[in-house]
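Report on one structure; see the data block that follows.
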Amino acid sequence: MGEKTILVWFRNDLRIHDNEILSEAIRKADKVLPVYVFDPYYFKTSASGVLKTGSFRARFLLESVSNLRANLQQFGAELLIRTGDPAEVLTQLAEEYHISEVYHHREVAPEETDVSEKVEAALWKMKLNLRHFIGHTMYHKEDLPFPIKDIPDSFVTFKKKVERDSNVRQCVTSPEQILIPEITDAGDLPTLADLGVPEPVDDSRATNHFTGGETEALNRLEQYFTTQQNCGQKAGKNVGGVASCLSPWLALGCVSPRQVYWEVVKYRSTLQNADALMLELLWRDYFRFMFKKHGQKYFRAEGFNDETPQPASNQDELFEHWKNGETGVPFIDAAMHELNATGYISNYSRQAVATYLTKELQVDWTRGALYFEEKLIDYSPASNWGNWAFVAGVGNDTKSNRYFNAAKPANQLDSKSDFISTWLPVSA
Ligand code: FAD
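Under our numbering, read the sequence shown as residues 69 to 496, first letter to last.
What follows is the structure, encoded as structure tokens:
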């Protein structure tokens, strides 16, 4: 019998540590073929000029893929990089490298699961299996005390039951060596121009500069625990929040939520925000599981309600003012300027601008969610659309409305802080 080679299809799991698809492939096969595919679908520009992936996130992704390649090379391995339709690319590589099986982490949002279904169907025609792993959450789906269809819609109940009846698994062991087949063409990392995305312009006012990749994620984690520095302190209020600023790395899987959890446990006795950080990670899990349970409902203007909220008659104009930071409300405008200039705003700012758009301006919340999808460096479908639906009051849990209290009416938002003078141009 010939050698067994498993293709490891990296997607939003751009790391070597605590990566079950990689460690399982190494355990099961003689050789592994690590692959990343840039799918042009995610870099398209709509007819109205909206990018699916904005400049800051696209650069962060390129840095993360590049770092994954460099880290794999330290193990004597390589990352194959291709651009194209994943179903075509992966079947072609499967043939070229005599692949026995393909491993990937299962996603929950419809666009991402559609891609996997197409890949699965294409591989199936070659009699190859796409094996799905679950690895994007802190609690493993199979350790939940209920099947997905019975997960409580109320966050409070979900939290209570999960914390009582479930445990977070240990991280999987990191590989010692990674054997790969002989590679003829590893492929170049595309540039932003290749992807059709403009170069981002770094703003000197930004509080954080995010560099993609596992190496930076682990540095950030270590720095957070050793200095306990709240990254959001200067960037507007982060009321009651934690502000580890780990979200961009968590979104691309440069670090696993499980690894963050175990670091929190390690530093628990000295970390002031340990419980708050766990709570935020649980919110992240909750939205992912809710996406798995309810799927497409999160993308509808009416959400989980029967009726679509009636938007303002001039919502086009109001939306333009909001996104350009021209509403006349200092805090909202400052936050939108920060978002546009950096791709990142604090949780408090997100709540405030989303509440303002939906409650005060009465604009269709899905427009705001789409705008965040373009701009956010940490965009993650379940966290973004789940939070927006929540703020808009069309989510599946109308009892745990933490945001309605958190975001004050716009005229009561802090209007004298450094944050506003930093982000609002004098003429605004
Ligand atoms: P911390 O407070 O340090 O929390 C640790 C981690 O927990 C975060 O990195 C994040 O992964 C997770 N987390 C924290 N709060 C939430 C939350 N409310 N929901 C889900 N996960 C959470 N977060 C994203 O990662 N991607 C998004 O696309 C996104 N869109 C949002 C849209 C709106 C309208 C709102 C109100 C919130 C959104 N969030 C999103 C959640 C939250 O604002 C960010 O996760 C948080 O600001 C990231 O900062 P941090 O890493 O310092 O978080």
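Where a beta carbon is used, it is the ideal one built from N, C-alpha and C, also for glycine.
Model, not experiment: these values are computed from the prediction.
key: Environment of Y109 [buried if 16+ CB atoms lie within 10 Å]   = On the sequence shown, position 41 is the one that residue 109 refers to. Label assigned to Y109: exposed.
message = So, at 7 Å on beta carbons, what are the nonlocal neighbours of G255 in its own chain, with the 5 sequence-adjacent residues on each side left out?
response = Taking the sequence shown and counting its residues from 1, one reaches residue 255 at position 187. Beyond the five residues adjoining it in sequence on each side, G255 comes within less than 7 Å, by CB distance, of L148, I149 and R150 in the same chain, given in chain order.
task = Rounded to whole angstroms, what's the CA-CA distance from W77 to K227? Just pull it up for me.
result = Here residue 77 is taken as the residue at index 9 of the sequence shown, counted from 1. Here residue 227 is taken as the residue at index 159 of the sequence shown, counted from 1. Separation of W77 and K227 (C-alpha to C-alpha, rounded to the nearest whole angstrom) is 32 Å.
query = Does the beta-carbon distance from V183 to L75 come in below 8 Å?
reply = Here residue 183 is taken as the residue at index 115 of the sequence shown, counted from 1. Here residue 75 is taken as the residue at index 7 of the sequence shown, counted from 1. Taking 8 Å as the Cβ cut-off, V183 and L75 do not qualify as a contacting pair.
Helix, strand or coil at K112 [DSSP, three-state] = Within the sequence shown, the letter at position 44 stands for residue 112. Reduced to three states, the DSSP call for K112 is coil.
Residue from D343, W330, D98 and E370 whose Cα sits closest to the Cα of W456 = In the sequence shown, the residue the question calls residue 456 occupies position 388. Looking at the Cα atoms, E370 is the closest of the given residues.
query = So what does DSSP say about L75, is it helix, strand or coil?
reply = Taking the sequence shown and counting its residues from 1, one reaches residue 75 at position 7. Shown here, L75 sits in a strand according to DSSP, grouped into three states.
task = May I ask you to check if the CB of N415 is nearer than 7 Å to at least one heavy atom of ligand 1?
result = Translated into the one-based positions of the sequence shown, residue 415 becomes position 347. With a cut-off of 7 Å, the C-beta of N415 is classified as near ligand 1, since at least one heavy atom of the ligand falls inside that distance.
ask   = Mapping DSSP to helix, strand and coil, what is F106?
value = Within the sequence shown, residue 106 is the residue found at index 38, counting from 1. It is a strand residue.
query = At what residues does the beta strand (DSSP E) containing R199 begin and finish?
reply = The residue you call residue 199 lines up with position 131 of the sequence shown. N197 to F201 is the extent of the beta strand (DSSP E) around R199.
inquiry  = Once the 5 residues before and after P249 are set aside, which same chain residues still bring their CB inside 7 Å of it?
reply    = Residue mapping note: residue 249 aligns to position 181 of the sequence shown, counting from 1. Excluding positions up to five away in sequence, the list reads T73, K99, L101 and Y165.
query = Is the CB-CB distance between L314 and L289 below 8 Å?
reply = The sequence position of residue 314 within the sequence shown is 246, counting from 1. The sequence position of residue 289 within the sequence shown is 221, counting from 1. In this structure, L289 lies closer than 8 Å to L314 by Cβ.
key: For H389, three-class secondary structure by DSSP   = Locating residue 389 in the sequence shown gives position 321, where the first residue counts as 1. For H389, the secondary structure class from DSSP, reduced to helix, strand or coil, is helix.
inquiry  = Suppose you measure from the CA of D198 to the CA of D432; what does that come to, to the nearest Å?
reply    = Indexing the sequence shown from 1 puts residue 198 at position 130. Indexing the sequence shown from 1 puts residue 432 at position 364. The residue asked about is misnamed: residue 198 is Leu in this sequence, not Asp. Looking at the backbone, the Cα of L198 and that of D432 are separated by about 38 Å.
query = Is K120 helix, strand or coil when you go by DSSP?
reply = Translated into positions along the sequence shown, residue 120 becomes position 52. Coil, per DSSP.
key: Beta-carbon separation (whole angstroms), G363 vs N135, contact threshold 8 Å   = For the purposes of this step, residue 363 is identified with residue 295 of the sequence shown, where counting begins at 1. For the purposes of this step, residue 135 is identified with residue 67 of the sequence shown, where counting begins at 1. That belief does not hold up - the Cβ atoms of G363 and N135 are roughly 32 Å apart, past 8 Å.
query = At what residues does the alpha helix (DSSP H) containing R418 begin and finish?
reply = Within the sequence shown, residue 418 is the residue found at index 350, counting from 1. First-last of the alpha helix (DSSP H) with R418: N415 to T423.
request  = Starting from L362, trace the alpha helix (DSSP H) both ways and give me its first and last residue.
outcome  = Counting from 1 along the sequence shown, the entry for residue 362 is found at position 294. Before going further, note that residue 362 is His rather than Leu in the sequence given. A342 to H362 is the extent of the alpha helix (DSSP H) around H362.
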